[in-house]
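Asker: Chains as they are written, first to last, in the working numbering: chain A, 1 to 161; chain B, 162 to 356.
The beta carbon of each residue, even a glycine, is placed where N, CA and C say it ideally should be.
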Ligand SMILES: [Zn+2]
């Protein structure tokens, strides 16, 4: 049997249709025999109706809101573009010098190695493999994870031997 | 003059703009109405809605397709409103204990609270002044539950709290409103008869 206290704890949920079927049925039964709880339910229903009536008017969003959003977003984009432009202009002075150094170094390496194709280090291949298999966002994190797990498994292997 | 390499392209933001425009066209009205109900006046509703869509623009990538956009922007509006009230002085933010219902706000606080300054043409004075006495979170829960007709789960998502918290906030808010609205109505009538 549901008490009035239990009933009133659940009345809001009942009125909103958020009770389980069992509780809903028990509450329905209690209310049909208890005038006090029935009055409490009516009070809550009346409040909901009052609130809905008070807010029944739907307003249109003023066009000025959209205009302000667009304007604000536009000036943000311009500021971002300005920053991007500035950071792009800064290295322009150094870029030719850096490119020259890289070019000289590259030619020297190529001449020195003769016809041998550039070699890729084994560590690089392993690292790339680890990055792809561990599906981590940072290759260093993946690399560290690889180092940790491989050393652990080495220990495990050592123990089993 | 040496020829410069071509200028860097403007960051690709066509998708971002399209996202914003679609969001405003589809959800602008509902967002504005929710903001208006929460703030209680059109000036604050405009500011809240505007700021919310700017946040949407900035954070558009964090929106997860398949989830409710409306819940997302309602959460943004609810948080902005709470932060705004926190900034204004004299507004009570702590939830009142169950037994302390008829607590009066200081006069200055009422003057700062937009709900207290609501226009009668939109919302009856008694409902407005009763809502003004709720905490921002209680007010949001009541509006979402009773006016916007959202489920407990949706409200919990919007307010980033548990369903239990939603239930207890709604329960307390309704208790307060049922005491405050008739009281405010009586005061209103008394004023009307003396005027
Ligand atoms: Zn009962």
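Any idea what DSSP makes of residue 59/A, helix, strand or coil?
Answerer: Position 59 of the first chain, counted from the start, is the residue given in the question as residue 59/A. Coil at residue 59/A, not helix or strand.
Asker: Let me have the residue list for ligand 1: C-beta closer than 6 Å to any non-hydrogen atom, ordered along the chain.
Answerer: Result (chain order): 4/A, 7/A, 30/A, 34/A, 36/A and 37/A.
Asker: Residues of chain B with a CB under 8 Å from the CB of residue 27/A: which are they?
Answerer: As a position in the first chain, residue 27/A is number 27, starting the count at 1. What residue 27/A touches in chain B: nothing, since even the nearest Cβ is about 15 Å away.
Asker: Are three or more beta carbon pairs between the stretch 325-337 of chain B and the stretch 62-77 of chain A nearer than 8 Å?
Answerer: Cβ pair count under 8 Å is below three, so no.
Asker: Please list, in chain order, all residues of the same chain as residue 211/B whose beta carbon is under 8 Å from its beta carbon, the five residues on each side excluded.
Answerer: Here residue 211/B refers to the residue found at position 50 when the second chain is read from its first residue. Excluding residues within five positions, none has a Cβ falling inside 8 Å.
Asker: When we look at the beta-carbon of residue 242/B and count the other beta-carbons within 10 Å, is it buried (16 or more) or exposed?
Answerer: Mapped onto the second chain, residue 242/B falls at position 81. When all chains shown are included, residue 242/B counts as buried.
Asker: Please list, in chain order, all residues of the same chain as residue 19/A whose beta carbon is under 7 Å from its beta carbon, the five residues on each side excluded.
Answerer: The sequence position of residue 19/A within the first chain is 19, counting from 1. The residues are 10, 13 and 27.
Asker: Using the rule of at least 16 other Cβ atoms within 10 Å of the residue's Cβ for burial, across every protein chain shown, is residue 1/A buried or exposed?
Answerer: As a position in the first chain, residue 1/A is number 1, starting the count at 1. Exposed: under 16 other Cβ atoms inside 10 Å.
Asker: With 16 as the cutoff for other CB atoms within 10 Å, does residue 309/B come out buried or exposed?
Answerer: As a working note, residue 309/B is residue 148 in the second chain. By the 10 Å Cβ count, residue 309/B comes out buried.
Asker: Hey, could you find the ends of the alpha helix (DSSP H) residue 40/A is sitting in?
Answerer: Mapped onto the first chain, residue 40/A falls at position 40. First-last of the alpha helix (DSSP H) with residue 40/A: 35-54.
Asker: Alpha carbon to alpha carbon, how far is residue 225/B from residue 288/B? Give it in angstroms, no decimals.
Answerer: Position 127 of the second chain, counted from the start, is the residue given in the question as residue 288/B. Position 64 of the second chain, counted from the start, is the residue given in the question as residue 225/B. Residue 288/B and residue 225/B: Cα-Cα distance of roughly 37 Å.
Asker: Starting from the beta carbon of residue 181/B, find every residue of chain A whose beta carbon is closer than 9 Å, and list them in chain order.
Answerer: Locating residue 181/B in the second chain gives position 20, where the first residue counts as 1. Under the 9 Å cutoff, chain A gives 69, 70 and 73.
Asker: Whose Cβ in chain A lies nearer than 9 Å to the Cβ of residue 306/B?
Answerer: Residue numbering aside, residue 306/B sits at position 145 when the second chain is read from its first letter. Neighbours of residue 306/B on chain A, chain order: 12, 16 and 48.
Asker: When the Cβ atoms of the stretch 79-91 of chain A are set against those of the stretch 219-233 of chain B, are three or more pairs found closer than 8 Å?
Answerer: No, they do not touch.
Asker: Comparing the C-beta of residue 232/B with each C-beta of chain A, is any distance below 9 Å?
Answerer: Indexing the second chain from 1 puts residue 232/B at position 71. No, no contact with chain A.
Asker: Looking at the structure shown, is residue 158/B part of a helix, part of a strand, or coil, going by DSSP?
Answerer: No statement about residue 158/B is possible, as the shown extent of chain B runs from 162 to 356 and does not include it.
Asker: Kindly say whether residue 38/A, judged by its beta-carbon, lies nearer than 9 Å to any beta-carbon of chain B.
Answerer: Taking the first chain and counting its residues from 1, one reaches residue 38/A at position 38. Chain B, which has no Cβ nearer than 9 Å to the Cβ of residue 38/A, makes this no.
Asker: Should the stretch 178-187 of chain B be regarded as contacting the stretch 40-50 of chain A, the criterion being three or more beta carbon pairs within less than 8 Å?
Answerer: As far as the Cβ criterion goes, the stretch 178-187 of chain B does not touch the stretch 40-50 of chain A, which means the pair count is below three.
Asker: If the cut is a Cβ gap below 9 Å, which residues of chain A does residue 235/B touch?
Answerer: Looking up residue 235/B in the second chain gives position 74. Result: empty, since nearest Cβ-Cβ is about 15 Å, beyond 9 Å.
Asker: Look up residue 341/B in the DSSP assignment and say whether it is helix, strand or coil.
Answerer: Here residue 341/B refers to the residue found at position 180 when the second chain is read from its first residue. Three-state result, residue 341/B: helix.
Asker: Identify the continuous alpha helix (DSSP H) that holds residue 189/B and give its terminal residues.
Answerer: Counted from its first residue, the second chain places residue 189/B at position 28. Counting along the chain, the alpha helix (DSSP H) containing residue 189/B begins and ends at 175-200.
Asker: When the Cα atoms are used, what is the spatial distance from residue 239/B to residue 199/B?
Answerer: What you label residue 239/B is simply residue 78 of the second chain in a count that begins at 1. What you label residue 199/B is simply residue 38 of the second chain in a count that begins at 1. Their backbone Cα atoms lie some 8 Å apart in a straight line.
Asker: Out of 351/B, 185/B, 205/B and 327/B, which one is the CA nearest neighbour of residue 302/B?
Answerer: For this step, residue 302/B is matched to residue 141 along the second chain. When each option's Cα is compared against that of residue 302/B, the closest is 327/B.
Asker: At the level of alpha carbons, what is the spacing between residue 53/A and residue 285/B?
Answerer: Position 53 of the first chain, counting from 1, holds the residue named residue 53/A. Position 124 of the second chain, counting from 1, holds the residue named residue 285/B. Approximately 9 Å, taken between the alpha carbons.
Asker: Where do the N-terminal and C-terminal ends of the alpha helix (DSSP H) with residue 297/B fall, by residue?
Answerer: Numbered from 1 along the second chain, position 136 holds the residue referred to as residue 297/B. 297-303 is the extent of the alpha helix (DSSP H) around residue 297/B.
Asker: Does any C-beta atom of chain A lie closer than 9 Å to the C-beta of residue 185/B?
Answerer: To locate residue 185/B, count along the second chain from 1; it is residue 24. Yes, because at least one Cβ of chain A sits closer than 9 Å to the Cβ of residue 185/B.
Asker: To the nearest angstrom, how far is it from the Cα of residue 350/B to the Cα of residue 22/A?
Answerer: Taking the first residue of the second chain as 1, we reach residue 350/B at position 189. Taking the first residue of the first chain as 1, we reach residue 22/A at position 22. Answer to the nearest angstrom: the Cα atoms are 44 Å apart.
Asker: If I follow the unbroken alpha helix (DSSP H) through residue 233/B, where does it start and stop?
Answerer: The residue given as residue 233/B occupies position 72 in the second chain. Where residue 233/B is concerned, the enclosing alpha helix (DSSP H) stretches over 230-248.
Asker: Considering only their Cβ atoms, is the gap separating residue 304/B from residue 195/B smaller than 9 Å?
Answerer: Taking the first residue of the second chain as 1, we reach residue 195/B at position 34. Taking the first residue of the second chain as 1, we reach residue 304/B at position 143. The answer is yes: Cβ separation under 9 Å.
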